[in-house]
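S.K.:
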Amino acid sequence: MAIRTQPVSINIGPQHPSTHGVFRLRVTFDGEVIIGLEPIFGYLHRGKEKLAEARTYTQFIPITDRADYLASMSNNWGYCLAVERLAGIELPERAEYIRVLVGEMMRISNHLMAVGFFLNDCGAFFTPLLYMYREREKLLDLFDMLCGQRLNYNYMRIGGVSQDLPVEFLPALKKFVQEMPGYIDEYEQLLTTNEILLARSKGVGVLSPEQAVNASVSGPVLRACGVEWDIRRADPYSIYPQLEFDIPTGIQGDTYDRFYLRIQEMRQSVRILQQAITGIEQLPHGVYRAHVLSLVRPPKGEVYSRIESPKGELGYYIVSDGGVSPWRCRMRGPSQLNLTALRDMVLGWKLADLIIILGSIDIVMGEVDR
Amino acid sequence: MDWLHWLFYVGVILGAVPVMVMAFIWLERRGLGRLQLRPGPNRAGPFGILQPVADAIKVLTKEDIVPVAGDHWVHFVAPLVVFAPAMLVFTVIPFQEDGGLVRGLVPDLNIGILYIVAVSSISTIGVFMAAWGSNNKYSLISAFRSMAQVVSYEIPLALAILGVVLAAGTMSLTGIVQAQAVPFIVMQPLGFIIFFIAATAELNRTPFDLMEAESEMVAGYHIEYSGMKFALFYLAEYAYTVGISAIAATLFLGGWKAPWGVGPQVGVLWLVVKILLVFMVILWIRGTFPRVRVDQLMGFAWKFLFPLSLINIFIIAAESLAWPGLPWWLLFPNTAIALVLVVVWSGLFRLGGGRVQV
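Chains A and B supply the protein sequences, listed in that same order.
Mapped onto my numbering, the consecutive letters of the first sequence carry residue numbers 2 to 371.
Mapped onto my numbering, the consecutive letters of the second sequence carry residue numbers 454 to 811.
#1: Less than 8 Å between the C-beta atoms of residue 629 of chain B and residue 543 of chain B, yes or no?
#2: In chain B, which residues lie less than 9 Å from residue 11 of chain A when you measure between Cβ atoms?
#3: Helix, strand or coil for residue 30 of chain A? Go by DSSP, reduced to three states.
#4: Between A:200, A:11, A:220, which has its C-alpha nearest residue 108 of chain A's C-alpha?
#5: Taking the CB atoms as reference points, tell me whether residue 602 of chain B and residue 652 of chain B lie closer together than 8 Å.
#6: Report the residues of the segment 57-75 of chain A with a CB closer than 8 Å to any CB of chain B, ordered along the chain.
#7: What does the alpha-carbon distance come out to for the pair residue 6 of chain A and residue 613 of chain B?
#8: Smallest Cα separation from residue 327 of chain A: which of A:179, A:26, A:233, A:88?
#9: Distance, Cα to Cα, residue 47 of chain A vs residue 68 of chain A?
#10: Taking only three categories from DSSP, how would you classify residue 211 of chain A?
#11: Just to confirm, are residue 813 of chain B and residue 19 of chain A a CB contact at a threshold of 8 Å?
#12: Quickly, what does DSSP pair residue 295 of chain A with across the bridge? List them, please.
#13: Give every residue of the same chain whose Cβ lies closer than 7 Å to the Cβ of residue 762 of chain B, excluding the five residues on either side of it in the sequence, and list them in chain order.
#14: Step through the CB atoms of chain B and report whether any lies within less than 8 Å of the CB of residue 126 of chain A.
#15: Would a check of beta-carbon distances place residue 132 of chain A closer than 8 Å to chain B?
#16: Which value, in whole angstroms, describes the spacing of the CA atoms of residue 200 of chain A and residue 191 of chain A?
#17: Whole alpha helix (DSSP H) runs in the segment 639-664 of chain B with 4 or more residues, listed along the chain?
#18: If you measure from the beta carbon of residue 562 of chain B to each beta carbon in chain E, is any gap under 8 Å?
#19: Less than 8 Å separating the beta-carbons of residue 57 of chain A and residue 158 of chain A?
#20: Using a 10 Å radius around the Cβ and a threshold of 16 neighbouring Cβ atoms, would you call residue 460 of chain B buried or exposed?
#21: Return the CA-CA distance between residue 744 of chain B and residue 488 of chain B, expressed in angstroms with no decimal places.
#22: On a CA-only basis, which of A:187, A:348, A:228, A:280 is nearest residue 99 of chain A? Give me that one, please.
#23: Exposed or buried, residue 285 of chain A, counting other C-beta atoms within 10 Å across all chains shown (16 or more means buried)?
#24: Please give the ranges of any alpha helix (DSSP H) in the segment 86-172 of chain A, keeping only runs that are unbroken, at least 4 residues long and fully inside the region.
#25: Please tell me whether residue 188 of chain A and residue 106 of chain A are closer than 8 Å, where the distance is taken between their beta carbons.
#26: Does the beta carbon of residue 19 of chain A come closer than 8 Å to any beta carbon on chain B?
#27: Note down the Cα distance separating residue 36 of chain A from residue 527 of chain B, rounded to an integer number of angstroms.
#28: At the 8 Å Cβ level, is residue 605 of chain B part of the contact set with chain A, yes or no?
#29: What does the Cβ neighbour count give for residue 41 of chain A, buried or exposed, with the cut at 16 atoms within 10 Å?
#30: Might you give, ordered along the chain, the residues of its own chain that have their beta carbon closer than 7 Å to the beta carbon of residue 275 of chain A, omitting 5 neighbours on each side?
#31: Pull the bridge partners of residue 9 of chain A from the DSSP assignment, please.
#32: Does the pairing of the segment 258-276 of chain A with the segment 287-302 of chain A give three or more beta-carbon distances under 8 Å?
#33: Short check: CB of residue 564 of chain B to CB of residue 700 of chain B, under 8 Å?
#34: Name, please, each residue of chain B whose Cβ falls closer than 7 Å to the Cβ of residue 122 of chain A.
#35: Rounded to whole angstroms, what is the Cα-Cα separation between residue 625 of chain B and residue 649 of chain B?
#36: With a threshold of 16 other CB atoms inside 10 Å of the CB of residue 518 of chain B, please say whether the residue is buried or exposed.
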């Protein structure tokens with residue numbers, strides 16, 4: 002007698018420990034194998050882009066913090082850069098250096114979280130994550146020193162940053178930069194060659210370079226496919242052309258590559274930090290913002306500017322009608338576009354794989370839903 | 454006074470085991486905290502020692518939620534079916550030597566180990582009942598996983614135990630302990646490794662915690678339980694962990710036997726120390742490893758543990774034929790064989806089914 006079977010559809014989320022926010026996946030299973038997937042998002046929609054139209058250019062900066070709340074500084078930066086390009090504002094060099102410093106610190110902090118949660122999704126019950134929290138805590142203390150905040154910084158301003166580095170900041174950062182390579186080695190020792198982790202993540206959720214490019218995927222997810230695309234090199238901004246760093250790439254484009262790539266990127270960020278610290282020490286104190294009127298009125302026109310946020314290409318498209326607030330502001334969130342490749346990656350894999358593939362993309366729902 | 458004996462030991466088991474389980478829960482949470490660079494519970498009482506009490510009060514006062522579309526009776530009975538076997542395991546564990554103060558309920562049961570294997574399988578039915586009664590898809594998937602897992606891992610577990618039975622020549626746990634002039638962990642390292650891995654899988658502990666995998670199944674089969682029923686599942690999980698640790702201590706670590714003859718009068722304390730030792734290793738693994746996937750889990754049981762456990766039995770049987778009484782020097786060849794086999798088999802079989810290249 003044949004047993005009658007039928008596919009089962011399960012809602013994963015919106016309340017689920019590993020959907021990384023209020024995200025819902027309607028998944029159709031044949032046994033444990035995924036045969037259909039429909040991502041449903043919008044639960045965290047707060048209309049940020051519309052909010053920009055009712056605020057002055059400066060007032061919108063704190064709202065960008067709330068988009069990718071694990072990398073607020075990068076969001077600040079992306080937005081300020083767009084406005085500066087639109088208004089043609091030149092930044093003092095010190096401001097650029099400060100931005101690079103905090104941007105790379107943010108990248109390390111974000112990747113620590115991404116790697117930690119990925120391992121947590123793999124089932125390594127919180128231990129790696131809490132090890133990564135130890136270093137993230139130090140970074141948060143540094144940010145706290147800088148602007149008094151630990152999560153939503155609101156540090157950057159149009160034309161520079163809100164305040165200069167405090168005296169004790171650079172020594173503390175130097176100490177961190179010295180210690181960090183050792184800690185990264187420690188993470189690698191913990192799990193990167195663990196048999197179970199390799200078996201779980203190697204060859205799982207492969208994304209081909211063509212698929213990735215077609216889906217407009219960017220950031221570590223794209224680089225893990227072997228495509229050497231980094232906005233810091235491809236469309237340089239700030240002082241990145243003067244800095245030396247490599248763009249690590251993956252081989253297969255599987256979850257393991259994405260995981261390992263983030264660890265390598267942390268090493269590169271540490272390298273950038275070292276150079277930026279040496280650079281900023283030669284610059285005079287106190288020149289951290291260009292002379293910009295508090296009510297910025299960019300000329301009529303439009304701009305699209307992009308930066309390499311820790312999650313990928315973070316772009317801002319701003320249309321100005323010459324007034325005090327943007328006529329239209331549009332965010333290109335890397336999390337959202339990376340998420341669109343999810344279905345290509347998970348079909349045919351199992352439930353447990355879905356969780357780690359989703360974890361390896363590294364999404365923040367604040368940025369997906371905006 | 455036969456009924457007095459029963460009354461006393463039932464009291465001891467029902468009283469001491471939950472207390473021990475609560476102590477171990479506290480220990481696990483503190484220990485896990487240490488492994489994870491955090492203090493662990495430290496608010497309730499000195500070193501957070503009253504945390505299990507606080508938890509107990511919390512779960513007792515919580516609302517008992519029953520899914521409307523579920524099977525109410527099955528939902529109600531399931532926690533009991535899971536909890537009871539965990540307690541039943543302790544009935545045959547010998548606490549101390551013949552003539553000691555507390556010997557155990559029926560330590561001389563001549564089919565002791567068979568009884569344990571039989572009883573410990575019952576809780577799977579409880580797990581399935583819980584999943585079925587909850588009428589929840591997550592629970593059901595978790596129960597499917599659990600069934601497949603327990604059925605697969607019971608075989609290497611039983612075969613590893615068989616090696617001990619062969620060496621001791623008896624199924625009674627007292628007899629097995631007495632037969633361990635040298636603890637069986639040294640005499641049969643391969644058997645212990647297989648037993649330990651299979652037992653970890655039976656317990657659904659990391660890296661085989663697929664059925665309550667938090668990042669996938671949220672809580673697995675007890676997702677729809679709250680209040681005291683949930684607490685029973687929680688207690689049962691730990692009671693069973695302690696139970697399996699007790700079995701491992703009895704079968705492989707020499708049970709109540711005092712190492713180097715130190716303090717043989719307090720055998721029961723030695724037993725507790727050995728249980729603690731095994732428990733801490735399980736905890737250590739929990740704090741370290743990621744989780745395997747379903748197919749890898751099954752592959753590991755059938756391709757790795759099963760052949761090795763057959764080889765183990767063969768070796769022990771051949772040795773007991775050649776050298777009846779198994780002299781102590783056999784530990785050297787056995788350790789060598791265990792090392793070679795594990796290394797060779799790890800090379801032959803990789804978790805990803807050949808997909809993994811390092």
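Glycine included, C-beta positions come from ideal geometry on N, C-alpha and C.
M.R.: So, from the listed chains and residues:
#1: Translated into the one-based positions of the second sequence, residue 629 of chain B becomes position 176. Translated into the one-based positions of the second sequence, residue 543 of chain B becomes position 90. Going by C-beta atoms, residue 629 of chain B is not nearer than 8 Å to residue 543 of chain B.
#2: Counting from 1 along the first sequence, the entry for residue 11 of chain A is found at position 10. Correct list: 590, 591, 594.
#3: Translated into the one-based positions of the first sequence, residue 30 of chain A becomes position 29. Three-state result, residue 30 of chain A: strand.
#4: In the first sequence, the residue the question calls residue 108 of chain A occupies position 107. Ranking A:200, A:11, A:220 by Cα distance to residue 108 of chain A puts A:220 first.
#5: Numbered from 1 along the second sequence, position 149 holds the residue referred to as residue 602 of chain B. Numbered from 1 along the second sequence, position 199 holds the residue referred to as residue 652 of chain B. No, the pair does not count as a contact, with Cβ atoms beyond the cut-off.
#6: Sequence-ordered contacts of the segment 57-75 of chain A with chain B are nonexistent [C-beta pairs closer than 8 Å].
#7: Here residue 6 of chain A is taken as the residue at index 5 of the first sequence, counted from 1. Here residue 613 of chain B is taken as the residue at index 160 of the second sequence, counted from 1. Each residue's Cα considered, the two are about 36 Å apart.
#8: Sequence index remark: in the first sequence, residue 327 of chain A carries index 326 (1-based). Minimum Cα-Cα distance from residue 327 of chain A among the listed residues A:179, A:26, A:233, A:88 corresponds to A:88.
#9: The count along the first sequence starts at 1 and reaches residue 47 of chain A at position 46. The count along the first sequence starts at 1 and reaches residue 68 of chain A at position 67. The straight-line gap from Cα to Cα measures roughly 9 Å.
#10: As a working note, residue 211 of chain A is residue 210 in the first sequence. For residue 211 of chain A, the three-state secondary structure derived from DSSP is helix.
#11: With chain B represented from 454 up to 811, any question about residue 813 of chain B goes unanswered, as that position is not in the structure.
#12: Taking the first residue of the first sequence as position 1, residue 295 of chain A is located at position 294. Partner(s): none; residue 295 of chain A has no beta bridge.
#13: The residue given as residue 762 of chain B occupies position 309 in the second sequence. So the list reads 609, 612, 613, 647, once near-sequence residues are dropped.
#14: Locating residue 126 of chain A in the first sequence gives position 125, counting from the first residue. Output row for residue 126 of chain A: interface = yes.
#15: Counting from one through the first sequence, the residue named residue 132 of chain A turns up at place 131. Closer than 8 Å to the CB of residue 132 of chain A there is at least one CB belonging to chain B.
#16: Residue mapping note: residue 200 of chain A aligns to position 199 of the first sequence, counting from 1. Residue mapping note: residue 191 of chain A aligns to position 190 of the first sequence, counting from 1. In a straight line, the C-alpha of residue 200 of chain A is about 16 Å away from that of residue 191 of chain A.
#17: If you keep only unbroken alpha helix (DSSP H) runs of at least 4 residues inside the segment 639-664 of chain B, you get 642-655.
#18: Looking at the structure shown, chain E is missing, and the protein chains on hand are A and B.
#19: Along the first sequence, read from residue 1 onward, the residue named residue 57 of chain A stands at position 56. Along the first sequence, read from residue 1 onward, the residue named residue 158 of chain A stands at position 157. Their beta carbons are not under 8 Å apart, which means residue 57 of chain A does not touch residue 158 of chain A by this criterion.
#20: Here residue 460 of chain B refers to the residue found at position 7 when the second sequence is read from its first residue. That one is exposed.
#21: Residue numbering aside, residue 744 of chain B sits at position 291 when the second sequence is read from its first letter. Residue numbering aside, residue 488 of chain B sits at position 35 when the second sequence is read from its first letter. Their backbone Cα atoms lie some 17 Å apart in a straight line.
#22: Position 98 of the first sequence, counted from the first residue, corresponds to residue 99 of chain A. Of the residues A:187, A:348, A:228, A:280, the one whose Cα lies closest to the Cα of residue 99 of chain A is A:280.
#23: Here residue 285 of chain A corresponds to residue number 284 of the first sequence, with the count starting at 1. Looking at its Cβ environment, which holds fewer than 16 other Cβ atoms inside 10 Å, residue 285 of chain A is exposed.
#24: Taking only runs of at least 4 residues, the alpha helix (DSSP H) segments lying wholly in the segment 86-172 of chain A are 94-122, 128-148.
#25: Position 187 of the first sequence, counting from 1, holds the residue named residue 188 of chain A. Position 105 of the first sequence, counting from 1, holds the residue named residue 106 of chain A. Residue 106 of chain A is positioned such that its CB atom lies no closer than 8 Å to that of residue 188 of chain A.
#26: Position 18 of the first sequence, counted from the start, is the residue given in the question as residue 19 of chain A. Residue-level contact check: residue 19 of chain A touches chain B, since one or more beta carbons of chain B fall below 8 Å from its beta carbon.
#27: Sequence index remark: in the first sequence, residue 36 of chain A carries index 35 (1-based). Sequence index remark: in the second sequence, residue 527 of chain B carries index 74 (1-based). Whole-angstrom Cα-Cα distance: 32 Å.
#28: Position 152 of the second sequence holds residue 605 of chain B. Not one beta carbon of chain A lies nearer than 8 Å to the beta carbon of residue 605 of chain B.
#29: Your numbering for residue 41 of chain A matches position 40 in the first sequence. With fewer than 16 Cβ atoms within 10 Å of its Cβ, residue 41 of chain A is classed as exposed.
#30: As a first step, residue 275 of chain A must be located in the first sequence, where it is residue number 274. Cβ within range, chain order: 178.
#31: Taking the first sequence and counting its residues from 1, one reaches residue 9 of chain A at position 8. Looking at the DSSP assignment, residue 9 of chain A forms a beta bridge with A:30.
#32: No, because fewer than three Cβ pairs between the segment 258-276 of chain A and the segment 287-302 of chain A fall closer than 8 Å, the two stretches do not touch.
#33: Walking along the second sequence from the start, residue 564 of chain B turns up at place 111. Walking along the second sequence from the start, residue 700 of chain B turns up at place 247. No, these two residues do not count as a Cβ contact at 8 Å.
#34: For the purposes of this step, residue 122 of chain A is taken as residue 121 along the first sequence, with counting starting at 1. Simply 668.
#35: Within the second sequence, numbered from 1, the residue matching residue 625 of chain B stands at position 172. Within the second sequence, numbered from 1, the residue matching residue 649 of chain B stands at position 196. Using only the alpha carbons, I get a separation of about 20 Å.
#36: Within the second sequence, numbered from 1, the residue matching residue 518 of chain B stands at position 65. Exposed, because fewer than 16 other Cβ atoms sit within 10 Å of the Cβ of residue 518 of chain B.
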